[in-house]
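S.K.: Numbers in the numbering used here are just positions in the sequence shown, counted from 1, shifted up by 100. Backbone N, C-alpha and C fix where the C-beta goes; we use that ideal spot for every residue, glycine too. Treat the numbers as computed from the prediction; the structure is a model and nothing was measured. Have a look at the structure that comes next, please.
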Amino acid sequence: MSVVFRLAWRYFFTKSNQTVINRINAIAVVVVVVASAALLVVLSAFSGLKDFGVQFTSGLDPDFKLIPRQGKTLLLDSVDRHSLNQASGLVSWAPVLEEKVFLSFESKNQVAVLKGVPLNYPSTIAIDSLVLVGTWNPMENNETVMGYGLASTLGIGVFDYDSYLNVTVPKENPKALLNTTQLKTRPLYVVGLYRISDELDNKYVYASTAFAQELLDYPADQFSAIEFNAPRHTKESLWEQLPRKWNDRYQLLDQNDLNAAFYKMLKTENLAVYLIFTLVLVIALFNVVGALIMMIVDKRPQFSIFKAMGLAPHQIRQVFFLLGCLISIGGGVIGVFLASIIVLVQSNFSIIYVPGTGIAYPVLWESSNVFLVSATVFLLGGLASYWATRRVGQLAVQAN
């Protein structure tokens, strides 16, 4: 251990003869502890809210979704189906048909997205577990499962076979001279209601693939997209399992692509929260600057002793620079440790609840947040120590 570090270590643990300096040093450490702990707690809380929000926003999104680069549909023949069945790492896959439709029930109307899905669709997305009222069975007798919000807007209930939901789409008439459109309407009976979030609850109406193809006049091998349940795959690795002829025709989207605006908003908010609390940490580090200046003033009479010991002026400056770093690092480590305990206790025992609800406030301990807070404290602490000790070398030269 060098003489410079030993002196800084001694000053860090040894009390000064001046009581006020001891109190200033103690306050500097406590403030760094509180600021670093607050930064980690806030980032962990935001991570928890982000994870909590993603569950609702992407509740109906697959791991990956294949869509056409141009146009509205893609072709899926028997050869393509065989290739997908032979692909490794796929839990399941499902071709789907999606189209905006006009819903009407009695005197109420609403626009929604009709989604025609195959029988095995719940193995791709666990939509059946999200049905709160009724059952998941949109496969026979023109049955449908719709969002709770849509049902409330239309005033429709489940298993009401005396009345039905009308689904209408425009149908082009190529034989007409002016290429006018006609309307095509088919009935659906509601057998289930799902509930996730306000946005999704007002968006989808699920029906069988056969119903959607008949309503939209699509052939049996034409679909809007293919959805994949492939948790072990990345986008790149999944592309390697798909037919090569699809590379130019179709594009593969993951959940980040499917919710690009939402994830961009989360990143922006996370950056804003980090910058705000980093500013709090910067203000807190002014206490470290003050403590170092007071220590330099208190120990200035000893500079001549340091020179007699053979320390150069820049080494004397390093002593106080390391002292400031020890204050910052020590406070940061303690703050991160205390904040980690708080986050883990809330995560496992649910001490704090969202006001007015029975939902525990979501928090998520992440090593990336710990690293970010630690790096921020160490970097800013080093800069504050450098600024506070920049003239110590000059003072050491002047010492007799």
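List in chain order: all unbroken beta strand (DSSP E) runs of 3+ residues lying wholly within the region 259–331.
M.R.: 265–272, 281–294, 304–308, 325–329
S.K.: Tell me whether the beta-carbon of Gly216 lies closer than 8 Å to the beta-carbon of Ala312.
M.R.: Here residue 216 is taken as the residue at index 116 of the sequence shown, counted from 1. Here residue 312 is taken as the residue at index 212 of the sequence shown, counted from 1. Their beta carbons are under 8 Å apart, which means Gly216 touches Ala312 by this criterion.
S.K.: Contact between the region 390–408 and the region 132–145 is defined here as three or more beta-carbon pairs at a separation below 8 Å; is this criterion met?
M.R.: Contact between the region 390–408 and the region 132–145 is absent: fewer than three C-beta pairs spanning the two stretches fall below 8 Å.
S.K.: Exposed or buried, Gln210, counting other C-beta atoms within 10 Å across all chains shown (16 or more means buried)?
M.R.: Your numbering for residue 210 matches position 110 in the sequence shown. Residue environment analysis places Gln210 among the buried positions, since at least 16 neighbouring C-beta atoms fall within 10 angstroms of its C-beta.
S.K.: Does the distance from the CB of Gly481 to the CB of Ile429 come in under 8 Å?
M.R.: The sequence position of residue 481 within the sequence shown is 381, counting from 1. The sequence position of residue 429 within the sequence shown is 329, counting from 1. Yes, the Cβ-Cβ distance between Gly481 and Ile429 is below 8 Å.
S.K.: When the Cα of Asp262 is compared with those of Lys271, Gly249, Val290, Gly247, which residue comes out closest?
M.R.: Position 162 of the sequence shown holds residue 262. Here the closest residue by C-alpha is Val290.
S.K.: Kindly give me the distance between the Cβ atoms of Leu176 and Phe323, rounded to whole angstroms, as I take these residues to be in contact under 8 Å.
M.R.: The sequence position of residue 176 within the sequence shown is 76, counting from 1. The sequence position of residue 323 within the sequence shown is 223, counting from 1. The Cβ separation is near 6 Å, so the contact holds.
S.K.: In whole angstroms, give me the CA-to-CA distance for Gln418 and Arg123.
M.R.: In the sequence shown, counting from the first residue as 1, residue 418 sits at position 318. In the sequence shown, counting from the first residue as 1, residue 123 sits at position 23. Answer to the nearest angstrom: the Cα atoms are 23 Å apart.
S.K.: Which whole-angstrom value describes the C-beta separation of Ala307 and Leu288, a residue pair presumed to lie in contact below a C-beta threshold of 8 Å?
M.R.: Working through the sequence shown from its first residue, we reach residue 307 at position 207. Working through the sequence shown from its first residue, we reach residue 288 at position 188. Confirmed, about 6 Å.
S.K.: Can you list the alpha helix (DSSP H) stretches of 4 or more residues lying completely in the region 339–419, in chain order?
M.R.: 346–349, 355–358, 360–399, 403–408
S.K.: Between which two residues does the alpha helix (DSSP H) harbouring Leu480 extend?
M.R.: Locating residue 480 in the sequence shown gives position 380, where the first residue counts as 1. Looking at the DSSP string, the run of the alpha helix (DSSP H) that includes Leu480 is 467–488.
S.K.: Among the candidates Ser183, Lys208, Leu174, Ala187, whose CA atom is the shortest distance from the CA of Leu197?
M.R.: Taking the sequence shown and counting its residues from 1, the one referred to as residue 197 is at position 97. Cα-wise, what sits closest to Leu197 is Leu174.
S.K.: Which residue from Asn185, Leu166, Asn125, Ala145 puts its Cα closest to that of Asp348?
M.R.: Position 248 of the sequence shown, counting from 1, holds the residue named residue 348. When only C-alpha atoms are compared, the closest one is Leu166.
S.K.: Could you tell me the distance, in whole angstroms, from the CA atom of Leu316 to the CA atom of Gln282?
M.R.: As a position in the sequence shown, residue 316 is number 216, starting the count at 1. As a position in the sequence shown, residue 282 is number 182, starting the count at 1. Roughly 12 Å between the two C-alpha positions.
S.K.: How is Lys571 classed by DSSP in three states: helix, strand or coil?
M.R.: Within the shown structure, residues of the chain are numbered from 101 to 500, placing residue 571 beyond reach of any answer.
S.K.: Would you tell me roughly how many angstroms separate the C-alpha atoms of Ser485 and Ser337, rounded to the nearest one?
M.R.: Reading the sequence shown from its first residue, position 385 is the one you call residue 485. Reading the sequence shown from its first residue, position 237 is the one you call residue 337. Going by the C-alpha atoms only, they are around 48 Å apart.
S.K.: Report buried or exposed for Gln446, applying the criterion of at least 16 other Cβ atoms within 10 angstroms of its Cβ.
M.R.: In the sequence shown, residue 446 corresponds to position 346, counting from 1. Around the beta carbon of Gln446, 16 or more other beta carbons sit within 10 angstroms, so the residue counts as buried.
S.K.: Relative to the ligand MG, is the shortest distance from any of its heavy atoms to the C-beta of Arg181 smaller than 7 Å?
M.R.: This structure lacks the ligand MG; in fact it carries no ligand of any kind.
S.K.: With a CB to CB cut of under 6 Å and the five nearest residues on each side skipped, what residues in its chain are close to Glu466?
M.R.: As a working mapping, residue 466 is identified with position 366 in the sequence shown. Same-chain partners within the cutoff: Ser147.
S.K.: Express the C-alpha separation of Thr285 and Pro270 in angstroms, rounding to a whole number.
M.R.: Mapped onto the sequence shown, residue 270 falls at position 170. Mapped onto the sequence shown, residue 285 falls at position 185. Their backbone Cα atoms lie some 9 Å apart in a straight line.
S.K.: Pick from Ser144, Val233, Pro168, Gly456: whose alpha carbon is nearest that of Asn469?
M.R.: One-based indexing of the sequence shown puts residue 469 at position 369. Residue Ser144 is the option with its Cα nearest to Asn469.
S.K.: What whole-angstrom Cβ distance do Gly247 and Tyr304 have, given they're in contact under 8 Å?
M.R.: Indexing the sequence shown from 1 puts residue 247 at position 147. Indexing the sequence shown from 1 puts residue 304 at position 204. Rounded, the Cβ-Cβ distance is 6 Å, consistent with contact.
S.K.: Mark Ile452 as exposed unless 16 or more other C-beta atoms lie within 10 angstroms of its C-beta, in which case mark it buried.
M.R.: The residue you call residue 452 lines up with position 352 of the sequence shown. Ile452 comes out exposed.
S.K.: For Leu342 versus Phe105, is the C-beta spacing smaller than 8 Å?
M.R.: Looking up residue 342 in the sequence shown gives position 242. Looking up residue 105 in the sequence shown gives position 5. No, these two residues do not count as a Cβ contact at 8 Å.
S.K.: By how many angstroms is the C-alpha of Gly431 removed from the C-alpha of Leu411?
M.R.: As a working mapping, residue 411 is identified with position 311 in the sequence shown. As a working mapping, residue 431 is identified with position 331 in the sequence shown. Near 28 Å, if we compare the C-alpha coordinates of Gly431 and Leu411.
S.K.: Please state if the CB of Gln351 and the CB of Asp163 are separated by a distance shorter than 8 Å.
M.R.: Position 63 of the sequence shown holds residue 163. Position 251 of the sequence shown holds residue 351. Contact flag unset, no.
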